[in-house]
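See structure below.
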Amino acid sequence: MSQDEIKVRIDSQNREEDAWRALLEFINQCDKDSAELFHPSQQFQLDHWVHIRTLPKEIGKLKSIKHLMIYGSNLTRLPQEIGQLEALEKFTPYTSYGLRWFPYEITRCSNLKDCTVSTRALFGNYKNKKGFPNLNDNPVDYFGGNKCSICDTNENDIRFEQYWVSCQVATDVLPLLVIVCSDECFHKIKEPASGYSIVPHKGGNAIKR
């Protein structure tokens, strides 16, 4: 696969269908129950779950969730609000092959100790020579608008800078999308994992090791 063929998939979620509304109701119930496990393929209607391509930003209110179990899902992206899961200890997106990158905000989950990811599907996987999409030509747009991954400032008419950085997250090195509003926030990006690009980069061929 050439660099030109590697793209960030657009947000294709249908937010008007019954499956999406049912997922929002399920998240509300998890919030009311102070649930510690979020396992939609078992706890949610499977015929709805197969239509879900992204988790809603409302996932961020689940402050009691300790295990985010999205094994074998059809998800292609996660919202920035994943960083608000302050109790999260275990993250299992294994065999969710559409998840090729993750929001930088996941590094805020300070209790996260166990991560099980299908690394062969990830951007930046050297074993299968999978590179990174060029963010200059293919920037990420989150539903509802982007915000700075460091200070949470909302993006305005001027697009914030976007970078890829490969960081250690629990037990895996993950390709993370970081959005920054200023040079000050850029310099607060976590240090990349050893053996990966030594600086945050724009993807394509702009990678220094």
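Just add 230 to the spot in the sequence shown (first one is 1) and you have my numbering.
Glycine is no exception: its CB is placed at the ideal position from the N, C-alpha and C atoms.
All values derive from a computational prediction rather than experimental measurement.
Helix, strand or coil at residue i according to DSSP, with G and I counted as helix
i	result
D413	helix
S264	coil
K432	coil
S340	coil
E421	coil
F373	coil
P363	coil
P286	coil
D241	coil
K320	strand
Q272	helix
E247	coil
L315	coil
Y426	coil
D402	strand
R330	coil
R307	strand
Straight-line gap, residue i to residue j (C-alpha atoms, nearest Å)
i	j	result
P289	G354	Per the sequence shown, the amino acid found at residue 289 is Ile instead of Pro. Between I289 and G354, the C-alpha separation is close to 27 Å.
L315	H417	24 Å
E414	C381	10 Å
V370	L253	23 Å
I236	L292	33 Å
M231	L329	With a pLDDT of 41 at M231, under the threshold of 50, the modelled position of this residue cannot be trusted, and the question is left open.
W250	Q310	18 Å
D234	G361	For D234, the predicted model reports a pLDDT of 46, less than 50, meaning its position is unreliable; a value from the coordinates is still stated below. Taking the straight line from one Cα to the other gives about 10 Å.
I257	M299	14 Å
C339	K287	16 Å
W331	R307	7 Å
R245	H281	10 Å
G375	E385	7 Å
I419	K343	20 Å
P323	V347	6 Å
E247	S424	43 Å
Q272	D241	24 Å
Assumed close pair residue i, residue j - CB separation to whole angstroms, cut-off 8 Å
i	j	result
S326	S294	About 23 Å separates the two Cβ atoms, so there is no contact after all.
V399	I336	6 Å
Y393	V408	5 Å
N341	L318	6 Å
V395	Y334	7 Å
P422	C397	6 Å
6 Å CB neighbourhood of residue i in its chain, flanking five on each side removed
i	result
K432	L365, N366
C345	F321, V399, A400, T401, D402
Y352	Tyr is not the amino acid found at residue 352; the sequence shown has Leu there. Once the five neighbours on either side are set aside, the close Cβ partners of L352 are R330, P405.
Contacting residues, own chain, Cβ-Cβ under 7 Å from residue i (five flanking each side not counted)
i	result
T349	N355, D402
Close beta carbons around residue i, own chain, < 8 Å, minus the five adjacent residues each side
i	result
Q243	W250, I282, R283, T284, F373
L406	W331, F332, P333, Y334, I336, T337, W394, V395, S396, C397, V399
Short CB-CB distance (under 7 Å) between residue i and chain C
i	result
S379	In the structure shown, chain C cannot be found, because there is only a single protein chain.
- Just checking, does the segment 295-303 make contact with the segment 256-271 on the three C-beta pairs under 8 Å criterion? Yes, they touch.
- Message: Does the structure place the segment 386-401 close enough to the segment 301-314 that three or more beta carbon pairs sit under 8 Å?
- Response: No, because fewer than three Cβ pairs between the segment 301-314 and the segment 386-401 fall closer than 8 Å, the two stretches do not touch.
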